[in-house]
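These notes concern the structure reproduced below.
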Amino acid sequence: MSLNSDFDLPSSEEAALAAQFLQQEATMENTNAAQNLQIKTLEDKLAHYERIISKCNACKAALNPSKPLKRKHGSVDLTLNKKLKPSSRSVALARKVLKENFQLEAFRLQQEAAISRLLDGQSAVVVFPTGGGKSLCYQVPAVAFAELDQLCQSQRSEGPGITIVVSPLIALMKDQVDALLKRRILATAMNSSQTREQHLQVAKDLEAGKLKLLYCAPERLNNEGFVESMRHVKGGVRLVAVDEAHCVSEWGHSFRPEYLKVARFVKEIKAERVVCLTATATTKVAQDILSNFGIPDEGLFRTAMYRPNLRLLAEATPNKQESYEKLFKFLQDHPGPAVVYVTIQKQSEELASTLTRKRFKAKAFHAGMETQKKTELQDEFMKVDDLIIVATIAFGMGIDKPNIRTIVHFNIPQSVEEYSQQIGRAGRDGKPSTCLFFLCPEDFYLRNVFTYGDLPARASVREFLKSIFDPFKLTVDQSGSGKSFRTSHYTQTKEFDIKMSPLAILYAELELQFGLIRATTPIYSTYQYEVSDHRRWHGDNSAAANIINKSAKPGKKWYTLDLDVASLQGGIVRADLIRKLNQWNDSGIVVMKASGVQNVYKVLKELPTTDAQIDDITRKLYTQMLDREKQALERTKQVVGLVTEKQCFSRALAAYFGDGSDGLSEECGHCTWCETHVQVQLPNVKPAPPNPGSVDAIMKACPIRDDPRLLARIGFGITSPRIMALGLKKSGVWESMNVCDFPTLVGAFATRCKVDPY
Ligand SMILES: Nc1ncnc2c1ncn2[C@@H]1O[C@H](COP(=O)(O)OP(=O)(O)OP(=O)(O)O)[C@@H](O)[C@H]1O
Numbered sequence: 001m002s003l004n005s006d007f008d009l010p011s012s013e014e015a016a017l018a019a020q021f022l023q024q025e026a027t028m029e030n031t032n033a034a035q036n037l038q039i040k041t042l043e044d045k046l047a048h049y050e051r052i053i054s055k056c057n058a059c060k061a062a063l064n065p066s067k068p069l070k071r072k073h074g075s076v077d078l079t080l081n082k083k084l085k086p087s088s089r090s091v092a093l094a095r096k097v098l099k100e101n102f103q104l105e106a107f108r109l110q111q112e113a114a115i116s117r118l119l120d121g122q123s124a125v126v127v128f129p130t131g132g133g134k135s136l137c138y139q140v141p142a143v144a145f146a147e148l149d150q151l152c153q154s155q156r157s158e159g160p161g162i163t164i165v166v167s168p169l170i171a172l173m174k175d176q177v178d179a180l181l182k183r184r185i186l187a188t189a190m191n192s193s194q195t196r197e198q199h200l201q202v203a204k205d206l207e208a209g210k211l212k213l214l215y216c217a218p219e220r221l222n223n224e225g226f227v228e229s230m231r232h233v234k235g236g237v238r239l240v241a242v243d244e245a246h247c248v249s250e251w252g253h254s255f256r257p258e259y260l261k262v263a264r265f266v267k268e269i270k271a272e273r274v275v276c277l278t279a280t281a282t283t284k285v286a287q288d289i290l291s292n293f294g295i296p297d298e299g300l301f302r303t304a305m306y307r308p309n310l311r312l313l314a315e316a317t318p319n320k321q322e323s324y325e326k327l328f329k330f331l332q333d334h335p336g337p338a339v340v341y342v343t344i345q346k347q348s349e350e351l352a353s354t355l356t357r358k359r360f361k362a363k364a365f366h367a368g369m370e371t372q373k374k375t376e377l378q379d380e381f382m383k384v385d386d387l388i389i390v391a392t393i394a395f396g397m398g399i400d401k402p403n404i405r406t407i408v409h410f411n412i413p414q415s416v417e418e419y420s421q422q423i424g425r426a427g428r429d430g431k432p433s434t435c436l437f438f439l440c441p442e443d444f445y446l447r448n449v450f451t452y453g454d455l456p457a458r459a460s461v462r463e464f465l466k467s468i469f470d471p472f473k474l475t476v477d478q479s480g481s482g483k484s485f486r487t488s489h490y491t492q493t494k495e496f497d498i499k500m501s502p503l504a505i506l507y508a509e510l511e512l513q514f515g516l517i518r519a520t521t522p523i524y525s526t527y528q529y530e531v532s533d534h535r536r537w538h539g540d541n542s543a544a545a546n547i548i549n550k551s552a553k554p555g556k557k558w559y560t561l562d563l564d565v566a567s568l569q570g571g572i573v574r575a576d577l578i579r580k581l582n583q584w585n586d587s588g589i590v591v592m593k594a595s596g597v598q599n600v601y602k603v604l605k606e607l608p609t610t611d612a613q614i615d616d617i618t619r620k621l622y623t624q625m626l627d628r629e630k631q632a633l634e635r636t637k638q639v640v641g642l643v644t645e646k647q648c649f650s651r652a653l654a655a656y657f658g659d660g661s662d663g664l665s666e667e668c669g670h671c672t673w674c675e676t677h678v679q680v681q682l683p684n685v686k687p688a689p690p691n692p693g694s695v696d697a698i699m700k701a702c703p704i705r706d707d708p709r710l711l712a713r714i715g716f717g718i719t720s721p722r723i724m725a726l727g728l729k730k731s732g733v734w735e736s737m738n739v740c741d742f743p744t745l746v747g748a749f750a751t752r753c754k755v756d757p758y
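Here it is in structure tokens:
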């Protein structure tokens with residue numbers, strides 16, 4: 001079975017691109033060509049929207065602040081009284097902005113309380129369900145700061161400053177920015193999908209103090225240039241909004257190490273306040289977020305999870321074939337926009353074509369598809385009311401379709417959080433909608449493949465640490481102020497058989513927990529260029545140009561330059577060579593592209609070098625990794641338990657998130673348990689014991705003896721960078737023991753290899 005990662009994480013080249021952009025920025029200023037660039041400016045974009053608005057009377061009326069909307073609620077005082085106490089003033093200001101800039105009548109849930117706390121200068125954590133309106137909690141303050149300063153008579157000579165929104169999804173950023181621009185609120189995003197010109201435009205807008213909101217991915221916070229520019233941004237950073245803030249917590253279902261650095265960033269840039277937003281936080285995760293950002297308990301705004309219009313159903317089947325039959329029937333009985341969630345990309349393709357053959361209008365959606373195709377599909381889904389999307393988790397974030405009538409989980413979701421987030425997309429219009437969760441013993445295999453796939457062998461972690469702590473690999477910084485080392489995460493995953501995401505966690509722990517290193521702006525190792533203007537290219541006789549031309553290897557069309565080799569051979573610093581290449585590129589002499597991202601780490605403390613020191617760190621890190629694996633197993637149990645225990649599903653879901661279930665009686669009356677009082681029971685299928693013949697066959701196919709986990713992975717069917725490199729996936733023994741319990745399999749190989757299982 002082929003498993004493709006379906007997580008739409010921002011590209012690891014994101015930060016590297018930013019680095020390139022910042023390096024290029026200095027060069028651009030001196031280049032005449034730069035002034036001639038046809039840049040699509042923020043003003044262009046706004047003018048475009050202005051043109052649309054000017055043609056539409058409804059828009060004109062709604063957006064024209066000189067003609068205030070008729071007030072439905074007479075109590076809102078739109079002429080703000082400067083003498084009001086801070087919180088009443090903040091409430092009045094927030095309501096004014098909501099009406100005038102967002103054309104909305106009243107706040108929902110605890111929006112008003114959270115926003116006025118922020119306007120009063122304090123930080124907050126907002127836990128609202130999907131579609132609850134979290135975005136307004138930072139967008140309203142971002143707009144309100146200018147007027148707040150006037151009211152408090154604390155106007156800043158440099159302007160009202162900006163709000164930074166840290167968000168993991170590039171597609172989401174774009175939607176939000178477009179929506180804000182339509183409302184004439186100046187917002188933009190900095191991300192890897194942008195061209196260099198767009199990056200430069202953002203820098204200019206920042207410099208001019210025009211922007212109200214700037215969206216970026218957490219990876220950007222590793223970029224020293226970005227941190228520095230935010231430290232000195234005009235008017236200061238008034239607010240940092242952390243979207244998907246559950247990623248901060250190691251207890252969360254999608255912990256992302258880069259998120260741990262957000263709190264440090266907030267301190268370093270002296271942001272005035274923070275708002276952390278999430279749709280899914282258990283009590284433990286919410287506490288983790290609060291403590292990470294030093295926010296007191298009263299800063300937590302959490303609303304009830306219970307959605308009375310959602311009917312939560314579950315069905316257990318002995319095999320997948322039965323689930324198919326039941327799915328067809330269910331979709332026939334429940335027409336309307338639907339999303340069927342599956343675990344892997346291949347399944348989404350296969351199930352979509354099966355449904356099409358059965359005459360349903362169904363289409364697959366997953367992270368492996370081209371961006372344009374995904375956008376088209378999302379647009380189509382928004383427009384029509386009879387499409388079934390068969391999707392992996394890649395679908396849904398930012399989809400704000402009010403009338404999704406049905407959500408089906410065709411496989412077991414990763415956690416209660418994921419389940420809750422996905423069902424939360426149904427029935428946003430408040431109308432009755434149905435969610436069906438299929439369970440079948442086969443599905444546990446897939447979940448286990450994911451769960452057991454992340455933990456590397458202990459020896460791999462040790463070897464990795466030994467390698468990065470190697471004093472001979474350290475280089476003295478160009479400033480002479482300290483030492484640093486460079487690595488390629490991509491190469492290291494293969495070298496040490498550690499997957500990308502646990503590798504990133506290891507680096508983050510070394511940085512944040514042990515304080516040994518600090519990630520800085522990543523760099524490119526390889527540049528390629530194609531000459532467009534030979535006359536000017538030949539005419540450049542500078543030292544940097546000569547070294548580049550001497551070192552670059554010609555190809556059919558492109559010259560390839562290994563920057564380190566060129567720098568070493570030519571005796572010239574990398575930065576000078578990059579500057580020259582950028583200059584050529586900017587003035588149209590060459591067309592350039594860069595590749596081979598290298599992560600750069602500054603060494604902050606003396607690195608451990610003795611065996612005992614390295615063993616000690618390995619032990620600590622590995623214990624944490626084992627704990628994470630246990631947590632992942634527990635998450636599967638919890639999500640299955642939610643619908644297989646004798647309990648009201650809605651109540652159990654609310655309780656999971658520590659929600660008092662206001663308005664929810666003992667039984668919701670519209671879940672499988674409440675409707676039938678019959679427990680959903682999974683057939684009891686016991687794992688098979690390891691087959692000695694298959695164990696022998698794997699030992700024969702793979703000579704590795706110091707890594708029983710790797711041998712067990714071959715039998716179970718869990719890929720790893722080394723397994724891929726050794727081509728073991730194509731061997732006859734691949735997945736030969738996928739009916740066994742994975743830890744038992746590791747034990748069996750450990751016994752055969754006479755080593756410790758972990
Ligand atoms: N007070 C309000 N009155 C009316 N509509 C609102 C209000 N607050 C938010 N909305 C609308 O609700 C929809 C969902 O809001 P938003 O995208 O901010 O939700 P969210 O909590 O961020 O959801 P998700 O978790 O899916 O990202 C948007 O269309 C938004 O305009």
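Just so it is clear: in the sequence shown, position 359 is 359 by UniProt numbering, and no numbers are missing.
Note that beta-carbon positions come from the ideal geometry of N, C-alpha and C, so glycine has one too.
Asked, Found
"Could you name each continuous beta strand (DSSP E) segment of 3 residues or more that falls completely within the stretch 186-258, going from the start of the chain to the end?", "187-190, 213-216 and 237-242"
"Between which two residues does the alpha helix (DSSP H) containing Gly-596 stretch?", "Gly-596 -> not in any alpha helix (DSSP H); beta strand (DSSP E) instead, spanning 590-603."
"Please find out if some non-hydrogen atom of ligand 1 comes closer than 7 Å to the beta-carbon of Ala-279.", "yes"
"Using the rule of at least 16 other Cβ atoms within 10 Å of the residue's Cβ for burial, across every protein chain shown, is Met-382 buried or exposed?", "exposed"
"Give me whichever residues DSSP pairs with Thr-392 in a beta bridge.", "Paired residues: none, contrary to the question."
"With hydrogens ignored, establish whether the beta-carbon of Gln-155 is closer than 7 Å to any heavy atom of ligand 1.", "no"
"May I ask you to list the residues that DSSP assigns as paired with Asp-562?", "Thr-526"
"If the criterion is Cβ atoms closer than 8 Å, does the pair Ala-314 and Phe-437 meet it?", "yes"
"At which residue ranges does the stretch 107-193 contain complete beta strand (DSSP E) runs of 3 or more residues, listed in the order of the chain?", "124-127, 162-166 and 187-190"
"When you compare only the Cα positions, how much space is there between residue 768 and Ile-388?", "Since the first residue of the chain shown is 1 and the last is 758, residue 768 is not available in this structure."
"Would you call the stretch 416-426 in contact with the stretch 442-454, where contact means no fewer than 3 C-beta pairs closer than 8 Å?", "no"
"Reducing DSSP to helix, strand and coil, say where Glu-105 ends up.", "coil"
"Within 10 Å of its beta-carbon, does Arg-357 have 16 or more other beta-carbons around it, so buried, or fewer, so exposed?", "exposed"
"Let me know if Met-724 comes out buried or exposed under the rule of 16 or more other beta-carbons within 10 Å of its beta-carbon.", "exposed"
"Below 8 Å, can you find three or more Cβ-Cβ pairs linking the stretch 566-582 to the stretch 539-547?", "yes"
"Among the residues of its own chain, which have a CB less than 8 Å from the CB of Asn-222, if the five just before and after it don't count?", "Ala-15, Glu-258, Lys-261, Ala-519, Thr-520, Thr-521 and Pro-522"
"Would you mind giving the Cβ-Cβ distance between Ala-187 and Leu-213, rounded to the nearest angstrom? I have them listed as a contact below 8 Å.", "4 Å"
"What does DSSP give as the partner residue(s) for Tyr-341 in the beta ladder?", "Ala-391 and His-409"
"Rounded to whole angstroms, what's the CA-CA distance from Pro-296 to Met-625? Just pull it up for me.", "30 Å"
"Is Ser-532 closer than 8 Å to Arg-591 when the C-beta atoms are compared?", "The identity of residue 591 in the sequence shown is Val, whereas the question assumes Arg. Against a cut-off of 8 Å, the Cβ pair of Ser-532 and Val-591 comes out as a contact."
"Would you call Asn-57 buried or exposed, if buried means 16 or more other Cβ atoms sit within 10 Å of its Cβ?", "Note that Asn-57 has pLDDT 40, beneath the 50 cutoff, so the model's placement of it is unreliable and the number below is only indicative. With fewer than 16 Cβ atoms within 10 Å of its Cβ, Asn-57 is classed as exposed."
"When you compare each of Gly-539, Leu-439, Gly-732 and Ile-614 to Pro-318 by their alpha carbons, which one comes out closest?", "Leu-439"
"Where DSSP assigns a beta bridge to Ser-433, which residues make up the other side?", "Leu-310"
"From Phe-301 to Ala-426, what distance separates their C-alpha atoms?", "23 Å"
"In three-state DSSP terms, what is Thr-475?", "strand"
"For Asp-696, is the classification buried or exposed, using 16 other Cβ atoms within 10 angstroms of its Cβ as the cut-off for buried?", "exposed"
"Answer with buried or exposed for Val-208, where buried requires no fewer than 16 other C-beta atoms within 10 angstroms of its C-beta.", "Note on residue identity: the sequence assigns Ala, not Val, to residue 208. So Ala-208 counts as exposed."
"Using alpha carbons as the reference points, say which of Ser-254, Val-739, Gln-528 and Ala-113 lies closest to Val-685.", "Val-739"
"Any contact of the stretch 160-169 with the stretch 230-249, i.e. 3+ C-beta pairs under 8 Å?", "yes"
"Count the other C-beta atoms from every protein chain shown that fall within 10 angstroms of the C-beta of Arg-722, then say buried if there are 16 or more, exposed otherwise.", "buried"
"Buried or exposed for Gly-236, going by 16 or more other Cβ atoms inside 10 Å?", "buried"
"I need the straight-line Cα distance from Ile-269 to Ile-289, nearest angstrom please.", "19 Å"
"Ile-517 by DSSP, collapsed to three states: which one?", "strand"
"Just to check my reading of the structure: Ala-263 and Phe-293 have Cβ atoms closer than 8 Å, yes? What is that Cβ distance to the nearest angstrom?", "5 Å"
"In its own chain, which residues sit with a C-beta less than 7 Å from the C-beta of Phe-128, not counting the 5 before and 5 after it?", "Leu-109, Lys-134, Ala-279 and Thr-303"
"Can you list, in chain order, the residues of its chain whose CB lies under 7 Å from that of Gly-732, leaving out five sequence neighbours each side?", "none"
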